[in-house]
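Per this note's numbering, the very first residue in the sequence shown carries number 822; after that it's consecutive.
All C-beta atoms, glycine included, are put in the ideal place defined by N, C-alpha and C.
Worksheet for the structure shown next.
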Amino acid sequence: MPDSPRTYANAPEPEKSAESLVQHATDNQVCRITLNRPEALNAITPDQRERIIRLLSEASADPAVRAVVITGTGRGFCAGADLRGGPPTEDRVAGDVARTIRLGAQRLVAAVLDCEKPVIAAVNGTAAGLGAHLAFACDLVLAAESARFIEVFVRRGLVPDGGGAYLLPRLVGPQRAKELMFFGDALTAPEAERLGLVNRVVADGELDKTAREWAERLATGPTRALALTKQLVNASLDTDRTTAFAAEAAAQEINMTTQDAREGVRSFVERRNPEYKGR
């Protein structure tokens, strides 16, 4: 279902490719994914969504990538999903909407949650609907002072999608999640930080610099240990204590076979800073 204000959902110009609308670069072992549709506040089309999913999958598998940053150009981080190319309402049959959500917005959010590298959202402006959920699915969220977060669905008479009813209660608790989703009020970046939706708010001009610093710090860390830690934390609220403890022990067992784990122990014994290689 469309989850962004209609004024945001301008179709991309025909000559623009998904590659130009979702830019990608890797530098200093950091994969940077930039939504580049500023005239639509970076509302995501299906082609853009598929490219983001593919880039995240490639980042997981590429040993040369050890951290990921997702950001946007212009005044918006992401105004939500632009699905205007879908079938008209009167042509839908039972199951169409659920299938669209399952194969679309939910796959995008799952791609962030399942990425084996730490993912930072650098929220440069409005994050609405699916755009907000894209940010909340990231492992760390940096926000510019001018950023806003909007659970816009209720304004359109819609149910939240893109994993919002899964993510928000885990981040702020059920009561706060309902407040945000029932009213659809815009949250400023400082308000989002106070609620625990944002790790840090920085001046607009400092967002890119801070995101690079955080990402490069993660990129020099023990990559497999970070991936296993991410898996444990993401699964923790869905499991009982016995299962969580078993998963923790198994993760430690796997991690101790890595070169970085051996380097971490060796550097401690030798009283020096570790030099992790991501292996």
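Through-space distance from Val-962 to Asp-1061, alpha-carbon basis: Taking the sequence shown and counting its residues from 1, one reaches residue 1061 at position 240. Taking the sequence shown and counting its residues from 1, one reaches residue 962 at position 141. Between the alpha carbons of Asp-1061 and Val-962 lies a gap of roughly 27 Å.
Since Pro-939 contacts Asp-917 with CB under 8 Å, what's their CB separation in whole angstroms? Counted from its first residue, the sequence shown places residue 939 at position 118. Counted from its first residue, the sequence shown places residue 917 at position 96. Wrong, their Cβ atoms sit about 36 Å apart, outside the cutoff.
Which whole-angstrom value is the C-beta distance of Ala-956 and Val-944, which I expect to be below 8 Å? As a first step, residue 956 is located in the sequence shown; it is residue number 135 there, counting from the start. As a first step, residue 944 is located in the sequence shown; it is residue number 123 there, counting from the start. The beta-carbon separation of Ala-956 and Val-944, rounded to 5 Å, stays under the 8 Å limit for a contact.
Let me confirm a value: Asn-1094 is counted as buried when at least 16 other C-beta atoms fall within 10 Å, else exposed. Which label applies? Counted from its first residue, the sequence shown places residue 1094 at position 273. When all chains shown are included, Asn-1094 counts as exposed.
Taking all protein chains shown into account, do 16 or more other C-beta atoms lie within 10 angstroms of the C-beta of Glu-834, making it buried, or fewer, making it exposed? Taking the sequence shown and counting its residues from 1, the one referred to as residue 834 is at position 13. Only weak support exists for where Glu-834 lies, its pLDDT of 48 falling under 50; the value from the coordinates is given anyway. Answer is exposed; the Cβ neighbour count stays below 16.
8 Å contact criterion, which Val-1054 and Gly-1017 should meet: CB distance rounded: Counted from its first residue, the sequence shown places residue 1054 at position 233. Counted from its first residue, the sequence shown places residue 1017 at position 196. With a beta-carbon spacing of about 14 Å, Val-1054 and Gly-1017 fall beyond the 8 Å limit used to define contacts.
Given that a residue counts as buried once 16 or more other Cβ atoms are within 10 Å of its Cβ, and exposed if not, what is Gly-1026? The residue labelled residue 1026 in the question sits at position 205 within the sequence shown. Label assigned to Gly-1026: exposed.
Identify every run of the beta strand (DSSP E) within the region 859-937, keeping only runs that are complete inside it and at least 3 residues long; order them along the chain. Taken in chain order, the complete beta strand (DSSP E) segments of 3 or more residues contained in the region 859-937 are 888-893 and 897-899.
Return the chain-ordered list of same chain residues with a C-beta closer than 7 Å to the C-beta of Ala-968, the five sequence neighbours on each side being excluded. Working through the sequence shown from its first residue, we reach residue 968 at position 147. Here Ala-968 has Phe-898, Val-944, Asn-945, Gly-946, Ala-948 and Ala-1010 as same chain residues with Cβ atoms under 7 Å from its own Cβ, once five neighbours each way along the sequence are excluded.
Drop a sphere of 10 angstroms on the beta-carbon of Arg-858, count the other beta-carbons inside from all chains shown, and report buried for 16 or more, exposed for fewer. Reading the sequence shown from its first residue, position 37 is the one you call residue 858. Label assigned to Arg-858: buried.
Write down every uninterrupted run of the beta strand (DSSP E) in the region 1017-1099 whose length is 3 residues or greater and which is fully enclosed by it, in chain order. Residue ranges of uninterrupted beta strand (DSSP E) with 3 or more members, entirely inside the region 1017-1099 and ordered along the chain, are 1021-1023.
Below 8 Å, can you find three or more Cβ-Cβ pairs linking the region 919-934 to the region 869-876? Yes, the region 919-934 is in contact with the region 869-876.
By DSSP, does Gln-850 sit in helix, in strand, or in coil? Against the sequence shown, residue 850 aligns to sequence position 29. The DSSP-derived three-state label of Gln-850 is coil.
With DSSP run on the structure shown, which of helix, strand or coil describes Ala-948? Numbered from its first residue, the sequence shown carries residue 948 at position 127. Look at Ala-948 here: in three-state DSSP terms it is strand.
Endpoints, the beta strand (DSSP E) within which Phe-1119 is located: With the chain covering 822 to 1100 only, the question about residue 1119 has no answer from this structure.
Excluding five sequence neighbours on each side, which residues of the same chain lie with their C-beta closer than 6 Å to the C-beta of Ala-1048? Along the sequence shown, one-based indexing puts residue 1048 at 227. Excluding the 5 residues flanking it on each side, Ala-1048 has same chain C-beta neighbours closer than 6 Å at Glu-937, in chain order.
In the structure shown, what three-state DSSP assignment does Val-980 receive? Here residue 980 refers to the residue found at position 159 when the sequence shown is read from its first residue. Residue state, collapsed to three classes: coil.
Look up Gln-844 in the DSSP assignment and give the residues it is bridged to. The residue you call residue 844 lines up with position 23 of the sequence shown. DSSP lists Thr-855 as partners of Gln-844.
How big is the Cα-Cα spacing for Gly-854 and Glu-1000? Here residue 854 refers to the residue found at position 33 when the sequence shown is read from its first residue. Here residue 1000 refers to the residue found at position 179 when the sequence shown is read from its first residue. First, the amino acid is wrong: residue 854 is Ile here, not Gly. Their Cα atoms are separated by approximately 31 Å.
Just tell me which of Val-843, Asn-863 and Leu-1039 has its CA closest to the CA of Tyr-1097. Walking along the sequence shown from the start, residue 1097 turns up at place 276. Looking at the Cα atoms, Leu-1039 is the closest of the given residues.
Spatial distance of Arg-1083 from Ala-915 (CA atoms): The count along the sequence shown starts at 1 and reaches residue 1083 at position 262. The count along the sequence shown starts at 1 and reaches residue 915 at position 94. About 55 Å.
With a threshold of 16 other CB atoms inside 10 Å of the CB of Val-1090, please say whether the residue is buried or exposed. Numbered from 1 along the sequence shown, position 269 holds the residue referred to as residue 1090. Val-1090 should be labelled exposed.
Tell me where the alpha helix (DSSP H) around Val-993 begins and ends. The residue you call residue 993 lines up with position 172 of the sequence shown. In the DSSP assignment, Val-993 falls within the unbroken alpha helix (DSSP H) covering 985-993.
If contact is defined by three or more beta carbon pairs under 8 Å, each pair taking one atom from either stretch, is the region 882-895 in contact with the region 918-927? Taking 8 Å as the limit for Cβ pairs, the verdict is that the region 882-895 does not touch the region 918-927.
Can you tell which of Gly-950, Ala-965, Phe-1004 and Ala-964 has the C-alpha that lies nearest to the C-alpha of Gly-984? Looking up residue 984 in the sequence shown gives position 163. Minimum Cα distance to Gly-984 is reached at Gly-950.
With DSSP as the reference, label Ala-943 as helix, strand or coil. Along the sequence shown, read from residue 1 onward, the residue named residue 943 stands at position 122. Strand.
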